[in-house]
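Counting in the working numbering, the sequence shown runs without a single skipped number right up to 542 at its last residue.
Ideal placement from N, C-alpha and C gives every residue a C-beta, glycine not left out.
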Amino acid sequence: MTRTAFGSACAGVVLSLCLWSGLANASAGDMSKCPSTLTDSIPQRPSAAPGGSEFAGRIGPDGAQLREAAIKDEILRGNVPRFLLGLKPVTLTQRLANGREVTATICVMPDYLAVGSDRDFLRVPMNLHTAADIADHLGFMLPTRKMVDAIHEQSDVRLRPQPMQPGPAMASTDYYVRHNRSVAEQIASLNVPLGALVSGNKKDVVISNRLAAQPGRIAIYGWHRPGGEPIQPLSTVHGANYADYSHGIRLVSDTVYIDGRPAAIREVLTDPVLAAILSDEGPVRTASLLGT
């Protein structure tokens with residue numbers, strides 16, 4: 251993955267010190283939009299790529315391992331709806347221990363990762379290995395719990411969660427398709443424009459320090475109710491190979507803007523001072539373990 255020029259310049263230096271030395275007279279700049287170049291690593295969608303409906307038919311009802319491989323192949327060759335490439339800025343402000351107030355702007359996909367076209371796409375849950383590998387190849391990260399909360403708070407539209415009947419079928423392609431259809435109907439009924447920042451339709455696969463203490467697990471969080479309370483507290487109950495219909499992969503660009511200046515999000519997350527802006531668990535030890 252290509253690191254930002256500013257991040258490379260800070261290599262070998264505590265990132266917080268390097269950033270602050272360059273921010274003494276810097277203004278935050280205009281972060282009302284995310285640079286389109288942040289998605290340059292995502293290939294152009296092939297003209298003959300299957301839509302979401304056709305893809306669901308191809309992967310069939312069984313074989314989670316084959317389904318994960320098919321999802322990864324389609325996304326890495328660019329078979330994702332173009333609206334997901336319109337990254338949305340989400341701002342987090344934190345007063346650090348030394349009293350300095352710092353603002354970070356992350357750039358996130360407006361909805362959960364999907365296979366298909368703008369007119370026909372399937373939001374695709376996936377296990378931790380698949381999600382982390384895709385994120386790394388495309389120059390993105392999975393969010394932290396704190397990022398998920400900020401995304402929800404700043405969403406253009408907060409959907410009401412629509413849980414389905416629990417049971418073994420939760421991990422089936424049929425459940426993926428049925429829940430995707432339910433979300434699509436809800437969005438259509440609210441006249442939500444394509445590309446709006448949407449939350450409330452899935453739980454998030456997140457990075458967490460718990461993964462360092464519990465290797466081989468997947469961390470899940472979110473699916474906020476209308477009042478802001480998440481249905482799913484941070485959990486590492488399931489193994490890393492688990493995925494079900496309620497899980498979503500919200501990709502966050504690896505470039506974060508600290509008071510308007512670009513830095514590598516992985517370095518911010520491991521920085522002993524700056525990590526608090528993006529994580530409520532302190533420096534995230536697993537930031538360098540996912541998708542490397």
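For residue j and residue i, the rounded distance between their alpha carbons
{"i": "Arg535", "j": "Glu403", "result": "26 Å"}
{"i": "Ile499", "j": "Gly349", "result": "34 Å"}
{"i": "Asp370", "j": "Ala306", "result": "11 Å"}
{"i": "Ala278", "j": "Pro512", "result": "For Ala278, the predicted model reports a pLDDT of 48, less than 50, meaning its position is unreliable; a value from the coordinates is still stated below. Spanning the two alpha carbons is a distance of roughly 11 Å."}
{"i": "Asn275", "j": "Ser282", "result": "Interpretation of Asn275 is limited by its pLDDT of 40, a score under 50 that renders its predicted location unreliable; no figure is taken from the coordinates."}
{"i": "Leu501", "j": "Ser297", "result": "24 Å"}
{"i": "Arg345", "j": "Arg475", "result": "28 Å"}
{"i": "Val300", "j": "Gly366", "result": "Note on identity: in this sequence residue 300 is Pro, with Val being the wrong assignment. Each residue's Cα considered, the two are about 6 Å apart."}
{"i": "Ala354", "j": "Pro393", "result": "14 Å"}
{"i": "Met251", "j": "Gly313", "result": "Per-residue confidence for Met251 stands at a pLDDT of 38, beneath the threshold of 50, marking its modelled position as unreliable; no derived number is given."}
{"i": "Gly417", "j": "Tyr425", "result": "11 Å"}
{"i": "Gln415", "j": "Asp521", "result": "42 Å"}
{"i": "Pro480", "j": "Ala319", "result": "30 Å"}
{"i": "Gln294", "j": "Gly328", "result": "5 Å"}
{"i": "Glu435", "j": "Val523", "result": "44 Å"}
{"i": "Ala525", "j": "Ala347", "result": "12 Å"}
{"i": "Val427", "j": "Pro483", "result": "25 Å"}
{"i": "Arg317", "j": "Val442", "result": "30 Å"}
{"i": "Ile384", "j": "Ala514", "result": "17 Å"}
{"i": "Asp386", "j": "Arg308", "result": "26 Å"}
{"i": "Val263", "j": "Leu519", "result": "Residue placement at Val263 is flagged as unreliable, the pLDDT there being 43, under the threshold of 50; the coordinate-derived value follows with that caveat. Distance between the alpha carbons of Val263 and Leu519: 14 Å."}
Beta-carbon proximity of residue i to residue j, cut-off 8 Å
{"i": "Ser503", "j": "Leu326", "result": "no"}
{"i": "Val352", "j": "Ile292", "result": "no"}
{"i": "Leu363", "j": "Val374", "result": "yes"}
{"i": "Met391", "j": "Arg516", "result": "yes"}
{"i": "Ile470", "j": "Ala490", "result": "no"}
{"i": "Ile437", "j": "Met376", "result": "no"}
{"i": "Arg395", "j": "Ser485", "result": "no"}
{"i": "Ser432", "j": "Gln412", "result": "yes"}
{"i": "Ser405", "j": "Ser449", "result": "yes"}
{"i": "Asp290", "j": "Arg332", "result": "no"}
{"i": "Asp361", "j": "Val398", "result": "no"}
{"i": "Ala493", "j": "Ala421", "result": "yes"}
{"i": "Ala556", "j": "Val506", "result": "Residue numbering for the chain in the displayed model covers 251 to 542; residue 556 lies beyond these limits and cannot be assessed."}
{"i": "Gly310", "j": "Thr423", "result": "yes"}
Pick from the options that is closest to residue i, judged by C-alpha positions
{"i": "Val456", "options": "Gly366, Ser529, Ala299 and Val365", "result": "Ser529"}
{"i": "Leu288", "options": "Leu334, Asp368 and Ile309", "result": "Leu334"}
{"i": "Thr546", "options": "Pro533, Ile527 and Gly532", "result": "No information on residue 546 is available, as it lies outside the stretch 251 to 542 that the chain covers here."}
{"i": "Asn451", "options": "Thr520, Trp473, Tyr492 and Leu440", "result": "Trp473"}
{"i": "Ile356", "options": "Pro533, Asp509 and Val523", "result": "Asp509"}
{"i": "Glu304", "options": "Tyr507, Leu372 and His379", "result": "Leu372"}
{"i": "Pro465", "options": "Ala514, Leu409 and His379", "result": "His379"}
{"i": "Ser286", "options": "Gly478, Ala382, Glu531 and Pro339", "result": "Pro339"}
{"i": "Leu461", "options": "Glu531, Arg317, Asp386 and Leu524", "result": "Glu531"}
{"i": "Cys284", "options": "Leu316, Leu524 and Thr341", "result": "Thr341"}
{"i": "Ala381", "options": "Arg410, Glu324, Leu444 and Gly477", "result": "Glu324"}
{"i": "Val429", "options": "Asp386, Arg410 and Arg317", "result": "According to the sequence as given, residue 429 is His; it is not Val. Considering only alpha carbons, the answer is Arg410."}
{"i": "Gly478", "options": "Ile384, Leu316 and Ile401", "result": "Ile401"}
{"i": "Met463", "options": "Val442, Pro443, Gln482 and Val487", "result": "What sits at residue 463 in the sequence shown is Ala, not Met. When each option's Cα is compared against that of Ala463, the closest is Val487."}
Beta-ladder partner(s) of residue i, from DSSP
{"i": "Lys283", "result": "Bridge partners of Lys283: none, in fact."}
{"i": "Ala514", "result": "Thr505"}
{"i": "Ile470", "result": "Val455 and Ser485"}
{"i": "Met391", "result": "Val502"}
Any C-beta of chain C under 8 Å from that of residue i
{"i": "Glu517", "result": "Protein chain content of the structure displayed is limited to a single chain, and chain C is not contained in it."}
Closer than 7 Å: residue i CB and nearest the ligand MN heavy atom
{"i": "Gln415", "result": "What this structure holds is no ligand at all, so the ligand MN is not there to describe."}
- Pick out the complete beta strand (DSSP E) segments inside the stretch 472-512, 3 residues or longer, and give them in chain order. Whole beta strand (DSSP E) segments, 3+ residues: 480-485 and 505-508.
Fully enclosed by the stretch 318-389, which alpha helix (DSSP H) runs are 4 residues long or longer?
-> 378-388, all fully within the stretch 318-389.
Which runs of the alpha helix (DSSP H) at least 4 residues long sit entirely within the stretch 404-468? Give them in chain order. Listed in chain order, the alpha helix (DSSP H) elements of length 4 or more contained wholly in the stretch 404-468 are 423-439 and 460-463.
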